[in-house]
Every structure is written in structure tokens, then in C-alpha cells.
Amino acid sequence: MKIVSYNVNGIKARLPRLIEYLAEEAPDVVCLQELKSSDETFPEKDVRDAGYGAVWHGQKGFNGVAILARGEDPVERRRGLDGEDDDVHSRYLEADVGGLTVASIYLPNGNPVPGPKFDYKLRWFERLAARARTLLAEERPVVLAGDYNVIANDDDVYSVRAMDSDALMQPESRQAYRRLLAQGWTDSLRTRFPGGGVWTFWDYQAGAWQRDAGFRIDHLLLSPQAADRFVDAGVDKQFRGREKASDHAPTWVRLR
DNA sequence: ATGCCTGTCACAGACAGA
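Each residue of the first sequence is one higher than the one before, starting from 1 at the first, in UniProt numbering.
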């Protein structure tokens, strides 16, 4: 089965690309981020007409995550993370689908550094790690898919120098990601491409796509029980080059 | 050092993104 993480950067503006993606690639599970849509305006009918059941956790204007499943209704397990009662950002959604547990994750960007947004990013990371630990203890196949807003290694970015002072590359961000992996998660893209040089995001600005000036921030982490079923991983890069594309490309893992 | 580009909301330009 093909499981996808896709930051759509506005599901309303991206709906033609998303429907096209579902039709062409027929993924089994799709985790969406940055819906920029309230719960009420989620295009449920369009998604259903494309053959997908869905659960979503929206927010007007920004954030927002969803989980889509082909020919199946995902069974929601959780929305949001514990640990910060006044946090209203829609950034975490978890569901059971196709015999797996899948989470759609939209980690805070964290810029500028230093500042309250960066502090929020690091706190959110710890709250995610706490949830991840609980999921690992269930000893089931789990996929944590999303936009982590972390460039984990120097070979995950076109230019270390260009991104050096960015929140995505700070040592604290990388350490938080490594601590999460160290619980026992497998970074599926890294497993498939251990030498790096694979991007999932290209900025809209400064001709980044044309220059192939990208980086890898969309990750699919596998529990040991999911990693045992690993077949392949990759990026559907061609969708970044189309009309009215998201600045992220769909990123996927295939499991037996 | 700054803006580059795009989407949203709302109807001009600020905010958010990364």
C-alpha cells in the first residue's frame, strides 16, 4: 500500500491538483497538511467523488490536517496533542486505516529564531514525542506522516549556508527530530536514499524550483512493525512542476 | 540587508509560510 504525505498549501486552491493526484497515483492513504480551511469548508464531496473517505481537523486561514483513504473511511483516534490546553492550532490528526495507525502532522515552522514561535515549535515537538512514545508501546504498524519543518541533515538541503540561520536547521530542531527517531522510528526516505540529495519542498521565490534549490522536510516515520513491511519510498516530484502547484511535492512510502 | 512568491481573508494589504 502507498501512503502519502502532502502539504497542499491551501486545499481550496489545490483541489484540482489533489483530485488529479488521487486519480493518477491511486494512493491508499493520503495525509494532508496546511488545508487553510475550516471544518465547514473542507471539500468533502469532491474527495468522496474521487473515491476517498476522509477525516479532517481544519482551521480558518492556516494550519489544518486531514487523512484520506481509498474506498474506506478512516476511523479517527485523536485530534490535537496533550500538554498545552490553550493551543488552538490544528496540527495533529490520527486515525486507524487499512490495518495501520496513521498520523497527519504539521509541525510549526518556528521562524524567526530566536522568538516565541521557535519556542512553540520545540514545545510542540516534545508533545509529539510523548504521543509517539505511547504509539510505539502499542507495538502495531504506525506511520507518522507530515511536514516536520526540520532539515535533519546537511545533505537534505541544496545549500547549508542559505538556510543556516533558519528555524528548520537549528541544532535544537535537529536534536528534537533525532530524539524522536531514537525512540525506534525509521525515516523511510532516509532509508531509501541514505546519501541525501532528495527534496520535498521548493520555495515559490527566487526561481527555487527551476534551480532545483529545495530541501527535505516532509517525513514518513515508521514504527518497527511498519518498517518490517517497507518496500520503497520516494517523492512524486512531477506534481511540483505543474500549474498552480503546492510548494511541497507528495512524498510517499510503500508497505507490504 | 531586503525582497523574491503564494494563499487566505476580504476586498487593501497584513499575516503566514519556509
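C-beta: ideal position from N, C-alpha, C; glycine also.
message: Can you tell me whether residue 2 is helix, strand or coil according to DSSP?
response: Here residue 2 corresponds to residue number 2 of the first sequence, with the count starting at 1. DSSP, reduced to helix, strand and coil, places residue 2 within a strand of the structure shown.
task: Leaving aside the five residues before and after residue 179 along the sequence, list all residues of the same chain whose C-beta is less than 7 Å from its C-beta, in chain order.
output: The residue you call residue 179 lines up with position 179 of the first sequence. Cβ neighbours of residue 179 beyond the five flanking positions: 129.
query: Is the beta carbon of residue 58 sitting closer than 8 Å to the one on residue 69?
result: As a working mapping, residue 58 is identified with position 58 in the first sequence. As a working mapping, residue 69 is identified with position 69 in the first sequence. Not in contact: residue 58 and residue 69 (Cβ atoms no closer than 8 Å).
- request: Could you pull the start and end residues of the alpha helix (DSSP H) that residue 11 belongs to?
  value: In the first sequence, counting from the first residue as 1, residue 11 sits at position 11. Taken as a continuous stretch (DSSP letters only), the alpha helix (DSSP H) holding residue 11 covers 11-25.
field: Bounding residues of the alpha helix (DSSP H) (the contiguous stretch that carries residue 168)
entry: Position 168 of the first sequence, counted from the start, is the residue given in the question as residue 168. From DSSP, residue 168 is part of no alpha helix (DSSP H); its letter is neither H nor E.
task: For residue 167, collect the residues of the same chain with a Cβ closer than 8 Å to its Cβ; drop the 5 residues on either side in sequence, then sort them by chain order.
output: Taking the first residue of the first sequence as position 1, residue 167 is located at position 167. 109, 110, 111, 112, 113, 117, 118, 121, 149 and 173.
- request: Using a threshold of 8 Å, state whether the C-beta atoms of residue 255 and residue 1 are closer than that.
  value: As a working note, residue 255 is residue 255 in the first sequence. As a working note, residue 1 is residue 1 in the first sequence. Yes, these two residues count as a Cβ contact at 8 Å.
message: By the DSSP assignment, the alpha helix (DSSP H) with residue 158 in it spans what residues?
response: Taking the first sequence and counting its residues from 1, the one referred to as residue 158 is at position 158. In the DSSP assignment, residue 158 falls outside any alpha helix (DSSP H) and carries neither an H nor an E.
Beta carbon of residue 102 nearer than 8 Å to that of residue 145: Residue numbering aside, residue 102 sits at position 102 when the first sequence is read from its first letter. Residue numbering aside, residue 145 sits at position 145 when the first sequence is read from its first letter. Yes, the Cβ-Cβ distance between residue 102 and residue 145 is below 8 Å.
message: Rounded to the nearest angstrom, what separates residue 131 and residue 19 at their Cα positions?
response: Looking up residue 131 in the first sequence gives position 131. Looking up residue 19 in the first sequence gives position 19. The straight-line gap from Cα to Cα measures roughly 31 Å.
- prompt: Are residue 188 and residue 142 touching if we call contact CB-CB under 8 Å?
  reply: Here residue 188 refers to the residue found at position 188 when the first sequence is read from its first residue. Here residue 142 refers to the residue found at position 142 when the first sequence is read from its first residue. Cβ atoms of residue 188 and residue 142: not closer than 8 Å.
Ordered list of alpha helix (DSSP H) runs contained in the segment 50-105, each at least 4 residues: none
message: Going residue by residue through the segment 208-248, where are the continuous alpha helix (DSSP H) segments of at least 4 residues, counting only ones entirely within it?
response: 224-227
task: Give me the Cα-Cα distance between residue 35 and residue 199, rounded to the nearest whole angstrom.
output: Looking up residue 35 in the first sequence gives position 35. Looking up residue 199 in the first sequence gives position 199. Approximately 21 Å between the Cα atoms of the pair.
- prompt: Could you give the distance in angstroms between the alpha-carbon of residue 73 and the alpha-carbon of residue 97?
  reply: For the purposes of this step, residue 73 is identified with residue 73 of the first sequence, where counting begins at 1. For the purposes of this step, residue 97 is identified with residue 97 of the first sequence, where counting begins at 1. Cα-Cα distance, rounded: 8 Å.
message: If the criterion is Cβ atoms closer than 8 Å, does the pair residue 245 and residue 91 meet it?
response: Taking the first sequence and counting its residues from 1, one reaches residue 245 at position 245. Taking the first sequence and counting its residues from 1, one reaches residue 91 at position 91. Taking the C-beta atoms as reference points, residue 91 is found no nearer than 8 Å to residue 245.
Beta strand (DSSP E) segment containing residue 147, residue limits: As a first step, residue 147 is located in the first sequence; it is residue number 147 there, counting from the start. Note, residue 147: beta strand (DSSP E), 142-147.
task: Let me know if residue 204 comes out buried or exposed under the rule of 16 or more other beta-carbons within 10 Å of its beta-carbon.
output: Translated into the one-based positions of the first sequence, residue 204 becomes position 204. Residue 204 is exposed by the Cβ-count criterion.
field: Under 8 Å between C-beta atoms of residue 22 and residue 66
entry: For the purposes of this step, residue 22 is taken as the residue at position 22 of the first sequence. For the purposes of this step, residue 66 is taken as the residue at position 66 of the first sequence. Against a cut-off of 8 Å, the Cβ pair of residue 66 and residue 22 comes out as no contact.
query: Per DSSP, residue 253 forms a beta bridge with which residues?
result: In the first sequence, counting from the first residue as 1, residue 253 sits at position 253. DSSP, once it has assigned bridges, lists 3 and 233 as partnering residue 253.
message: Can you list, in chain order, the residues of its chain with a C-beta nearer than 7 Å to that of residue 196? Leave out the 5 residues immediately preceding and following it.
response: Within the first sequence, the letter at position 196 stands for residue 196. These residues qualify, in order along the chain: 153, 155 and 156.
- prompt: Looking only at C-alpha atoms, which of 63, 176, 8 and 213 sits nearest to residue 87?
  reply: As a working mapping, residue 87 is identified with position 87 in the first sequence. Minimum Cα distance to residue 87 is reached at 63.
Residue 211 versus residue 165 - alpha carbon distance: Translated into positions along the first sequence, residue 211 becomes position 211. Translated into positions along the first sequence, residue 165 becomes position 165. If you take the alpha carbons of residue 211 and residue 165, they lie about 21 Å apart.
message: Could you tell me the alpha carbon to alpha carbon distance between residue 216 and residue 151, rounded to whole angstroms?
response: Taking the first sequence and counting its residues from 1, the one referred to as residue 216 is at position 216. Taking the first sequence and counting its residues from 1, the one referred to as residue 151 is at position 151. Near 6 Å, if we compare the C-alpha coordinates of residue 151 and residue 216.
message: For residue 185 and residue 133, what's the separation of their Cα atoms in angstroms?
response: The residue labelled residue 185 in the question sits at position 185 within the first sequence. The residue labelled residue 133 in the question sits at position 133 within the first sequence. Cα-Cα distance, rounded: 10 Å.
task: My understanding is that residue 218 touches residue 147, with C-beta atoms under 8 Å, so please give their C-beta distance in whole angstroms.
output: Residue mapping note: residue 218 aligns to position 218 of the first sequence, counting from 1. Residue mapping note: residue 147 aligns to position 147 of the first sequence, counting from 1. Rounded, the Cβ-Cβ distance is 5 Å, consistent with contact.
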